[in-house]
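Read top to bottom, the protein sequences are chains A and B.
When the letters of the first sequence are read in order and numbered with the UniProt record's numbering, they come out as residues 1 to 462.
When the letters of the second sequence are read in order and numbered with the UniProt record's numbering, they come out as residues 1 to 462.
Ideal placement from N, C-alpha and C gives every residue a C-beta, glycine not left out.
All values reported here derive from a predicted model rather than from experimental measurement.
2 protein chains.
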Amino acid sequence: MNNIKQYVQENKERFLNELIDLLKIPSVSADSAYSQDVIDAANAVKASLLDAGCDFAELCETPGYPIVYGEKTIDPDLPTVLVYGHYDVQPADPINLWDSPPFEPVIKPTAIHPEGAIFARGACDDKGQMFMHVKALEYMVRTNNLPCNVKFMIEGEEEVGSASLAWFVERNQEKLKNDVILISDTGMISNEQPSITTGLRGLSYVEVEVTGPNRDLHSGLYGGAVANPINILSKMIASLHDENNHITIPGFYDKVEELSQEERDEMAKRPFSLDKYKEALDIADVSGEAGYTTNERNSIRPTLDVNGIWGGYTGEGAKTVIASKAFAKISMRLVPGQDWEEITDLFAKHFEAIAPKSVKVVVKPHHGGQGYVTPIDSIGYQAAAKAYTESFGVTPIPVRSGGSIPIVALFEKELKSKTIMMGFGLDSDAIHSPNEHFGVFNYLKGIETIPLFYKNFVELSK
Amino acid sequence: MNNIKQYVQENKERFLNELIDLLKIPSVSADSAYSQDVIDAANAVKASLLDAGCDFAELCETPGYPIVYGEKTIDPDLPTVLVYGHYDVQPADPINLWDSPPFEPVIKPTAIHPEGAIFARGACDDKGQMFMHVKALEYMVRTNNLPCNVKFMIEGEEEVGSASLAWFVERNQEKLKNDVILISDTGMISNEQPSITTGLRGLSYVEVEVTGPNRDLHSGLYGGAVANPINILSKMIASLHDENNHITIPGFYDKVEELSQEERDEMAKRPFSLDKYKEALDIADVSGEAGYTTNERNSIRPTLDVNGIWGGYTGEGAKTVIASKAFAKISMRLVPGQDWEEITDLFAKHFEAIAPKSVKVVVKPHHGGQGYVTPIDSIGYQAAAKAYTESFGVTPIPVRSGGSIPIVALFEKELKSKTIMMGFGLDSDAIHSPNEHFGVFNYLKGIETIPLFYKNFVELSK
């Protein structure tokens, strides 16, 4: 399979242009204004699967956006790999902070990507990483290197909670039957030191609404005499962490699986410079739960962050008003052991309990998912580790990620198979941020590494 | 002067239609998108002054919006009344909470205004109340009842801090020379119990910006490891009040003029039902500084309220982001004794001092003004009290208002004359809120009462 390097080099320009065409579609699932674009992206992915050599591909209807399904069967007795990815993207705002339009992809070199990176919303998360699998399939089919069967399941609601995917998976267990699930929607430590994500955090996302007076009030006539929903919401949010940045919701930590000192020592071996970290973010200091390192805080510990807050007058100039309502979007990252629905209940009960009598509070659960851990002694992990070692010449390090791919836990429950997270992105790719990008090196290296996984997985499965 | 009642009745429809035409102009001074409308409103006011009988009227240029000046001199030896008002209005948002478009005035009856109220932004604050003085002048001129000289100074930046007015007054002390200043930009207790505002609170309005990481971050990859500007801002805002709702800014209360128990007992005589107050706002409980009543909290005590807050993702759906920046607009109502610029400094120093090392904080002072008190033994107050007594048949009660008209303190300093605040609005008029309105009864009663003030003021001045 050493001709893979050559194949990638020969088709490099086309691989890049095909991805750029996909990135031009603003498939923002969170905003209904883009609903047609999301559908267009689904059709584009379907076409690319057929072009890559799938026996057939289809848009499967769901209560929400369609799921693109495709498959290539060479022998029912051989193992089957199920590839998962998503064609929807995060909203691009704040648009004004982008150096180039989010849906007009451009390739520019960066300090970390001297050979260039593709700048566009979704470049890394997840169109770029998902498309690596399509192009890897193309290579395997056209060069007769496909060693097993493959199925693709590409959804359009990953950025808004994958509700329809859960619905679809529960109803299509036979169709989705597989021996291992392969996902590229995570990152690696660096281009010199690849890593494989073995753990994911769960998520509970809620929206809260605090209502004070039944209408906006003049802050001069009422200020000081009635509860101001914004001040109250601020106080309630502030109280969710104590002085050690521990989360104060009763029962929140009860089921957290603590890591052994050995595991924490193992994690600590991961190369990391706190100074470089702070410098990259332009912050004078980090901040987090007392008693844990930065890498522990963003991977093995649960967190609570306000993702958005709004209320009152936010326009130009000044308005002396006491708003009737204040709102916040709050998400909690969870770790293995914590059940997201139970945590959502605990949050709602607590948030309602701490509300003063002077306001009314509504907590709307948004979506969520469980945490997940992949055993590194599994065939899937071994096959992936071998693939990275062959293509990078370096043995990958297993790492726990702070991110969430809620459906990974769902897959294990519904499809009874393990998920291998072969991520090729970097933390610096600014996913979910302005100027998201994906290194050309990473994109091509991913296409080169994936077929090696197939080869190793089939061999190790014999 | 008993023919005033008759004159108002005969011209009622025209008085209403002329005001409605003025209310149709969206003169929102806080939003530059409306700048031409603000100018149009100024010209409309100028025309109405000439029509009412001013010897001349003009738009006086300033660094900002023009000031409409008009005057009618009948005898240099007679006293001169200076009428102040403003032709600009508050922003109308949230627009969706208006039952009728804010700049398409409609007259509808309400529980408190069975004879109808004019619904429109600015109906009460201050176009409606300002226009009463124009129509009162028209009456006095056309019926030869004007007993003294009158000057009008109507500005277009009251809702954004009156910066240009201060500039104008400092440069036109001779032109603005007067014996008393008359303003209708406040309210009264009820249509059955008129009151005269004798005190106003000062104001300090600031905008704060909290910056964490240099870009928006993925809350999964960074959540728990870096300071979240929204969480930090919430914590900082929460810390500005202690458990007794005292403001925690060092030195904030140092120069507050405490009222004597006698004065507080006098205030307590004002008819007030806490149950009705809570019912009108649909709140289960009031909230404010410990040790003070609701009427004290919103009049004789300084306060701190967040007027607006925003940061992160506030659109439809969910975005798992840690925002780079969070913002808030914060205003403090001040009482006599407190200097607004000193308080602004104290706020800025304190807010910067409490910011953790993990974020950067910027405090932008917006505008402000001093508090003010009118002595009830002054000729101006006596003339106003007599006027209300004659037109309402009830003696008005002197009250301290929680609102701010910063320029009143400026007038005393620059023009050396006292200001009489003859307000005809009601707390329920929803100024600064959706569905602002002004009772037809109040509008006409104001036109009827103002000439009585002129008559009494001239007589008492002899």
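### Query
Are the beta-carbon atoms of N228 of chain B and S324 of chain B separated by less than 8 Å?
no
### Counted within 10 angstroms of its Cβ, other Cβ atoms place R297 of chain B as buried (16 or more) or exposed
buried
### Message
For S378 of chain A and G202 of chain A, which I take to be in contact (beta-carbon distance under 8 Å), what is that distance rounded to the nearest angstrom?
### Response
By a beta-carbon distance limit of 8 Å, S378 of chain A does not contact G202 of chain A. Their separation comes to about 20 Å.
### Query
Where do the N-terminal and C-terminal ends of the alpha helix (DSSP H) with K46 of chain A fall, by residue?
35 to 52
### Message
Please return the same chain residues whose Cβ sits closer than 8 Å to the Cβ of V458 of chain B, not counting the five positions on each side in sequence.
### Response
L78, P79, P147, C148
### Query
So which residues on chain B does T314 of chain A lean against when the C-beta distance must stay under 8 Å?
G308, I309, W310, F327, K329
### Query
What is the DSSP secondary structure of D429 of chain A, reduced to helix, strand or coil?
Helix, per DSSP.
### Message
Rounded to the nearest angstrom, what separates V321 of chain A and E155 of chain A at their Cα positions?
### Response
The alpha-carbon atoms of V321 of chain A and E155 of chain A are separated by roughly 44 Å.
### Message
Can you find the residues in the same chain that come closer than 7 Å, C-beta to C-beta, to Q193 of chain B, ignoring five residues on each side of it along the sequence?
### Response
P271, V394, I397
### Query
S331 of chain B by DSSP, collapsed to three states: which one?
Three-state DSSP puts S331 of chain B in a strand.
### Query
Q90 of chain B touches chain A at which residues, Cβ-Cβ below 7 Å?
K319
#### Entry: Candidates B:H437, B:L334, B:A384, of which the one nearest P406 of chain B by Cα
Taking only the C-alpha atoms, the option nearest P406 of chain B is B:L334.
### Query
Would the beta-carbon of S219 of chain A fall within 8 Å of that of S287 of chain B?
Judged by their CB atoms, S219 of chain A and S287 of chain B are not nearer to each other than the 8 Å cut-off.
### Query
E243 of chain A to H86 of chain B, Cα distance in whole Å?
48 Å
### Query
When you compare only the Cα positions, how much space is there between L410 of chain A and A111 of chain A?
38 Å
### DSSP state of N3 of chain B mapped onto helix, strand, coil
helix
### Message
If contacts are defined as beta-carbon pairs under 8 Å, then F453 of chain B and M422 of chain B qualify, I think. What distance do you get, rounded to the angstrom?
### Response
7 Å
### Query
What distance in whole Å lies between the Cβ atoms of V68 of chain A and A52 of chain A, which are believed to be in contact at a cut-off of 8 Å?
Not really, about 12 Å apart at Cβ, beyond 8 Å.
### Query
CB-CB under 6 Å to F15 of chain A, same chain, minus the five flanking residues each way: which ones, in chain order?
K135
### Query
Helix, strand or coil: which one does DSSP assign to R400 of chain B?
Here DSSP, grouped into helix, strand and coil, assigns R400 of chain B to strand.
### Message
Am I right that K24 of chain A and E104 of chain A are in contact with their C-beta atoms under 8 Å? What's the rounded C-beta distance?
### Response
7 Å
### Query
Touch check for the segment 340 to 360 of chain A and the segment 374 to 393 of chain A: three-plus C-beta pairs under 8 Å?
Here the segment 340 to 360 of chain A makes no contact with the segment 374 to 393 of chain A; the two share fewer than three CB pairs at distances below 8 Å.
### Message
Could you compute how far the alpha carbon of L233 of chain A sits from the alpha carbon of V208 of chain B?
### Response
17 Å
### Task
Please say whether V399 of chain B and Y372 of chain B have beta carbons closer to each other than 8 Å?
Their beta carbons are not under 8 Å apart, which means Y372 of chain B does not touch V399 of chain B by this criterion.
### Query
Along chain B, which residues have their Cβ under 8 Å away from the Cβ of R333 of chain A?
For a Cβ distance threshold of 8 Å, residue set S219, G220, G223, G224 of chain B lies close to R333 of chain A, ordered along the chain.
### Task
May I ask you to report which of helix, strand or coil DSSP gives Y277 of chain B?
helix
### Task
List the residues of chain A that I322 of chain B touches, going by C-beta distances under 7 Å, in chain order.
Chain order gives the chain A residues near I322 of chain B as D305, where near means a beta carbon separation below 7 Å.
#### Entry: 8 Å Cβ shell around Y277 of chain A - same chain, five flanking residues per side excluded
Only V286, T294 meet the Cβ criterion.
#### Entry: Counted within 10 angstroms of its Cβ, other Cβ atoms place K269 of chain B as buried (16 or more) or exposed
exposed
### Message
Nearest by alpha-carbon distance to R121 of chain B: which of B:P102, B:I95, B:K12, B:V169 is it?
### Response
When each option's Cα is compared against that of R121 of chain B, the closest is B:P102.
#### Entry: Residues bridged to L182 of chain B (per DSSP)
B:V83, B:I420
### Query
Comparing alpha-carbon positions, which option in B:Y253, B:N307, B:L165, B:V28 lies nearest E289 of chain B?
Considering only B:Y253, B:N307, B:L165, B:V28, the residue with the shortest C-alpha distance to E289 of chain B is B:Y253.
### Which listed residue (A:G312, A:S32, A:T314, A:S331) has its alpha carbon closest to that of S319 of chain B
First, the amino acid is wrong: residue 319 of chain B is Lys here, not Ser. Per the Cα distances, A:S331.
### Task
Alpha carbon to alpha carbon, how far is H350 of chain B from K364 of chain B? Give it in angstroms, no decimals.
13 Å
### Task
May I ask you to report which of helix, strand or coil DSSP gives E71 of chain B?
strand
#### Entry: Reference H437 of chain A, options A:L426, A:I447, A:L444, A:K445, closest by Cα
A:L426
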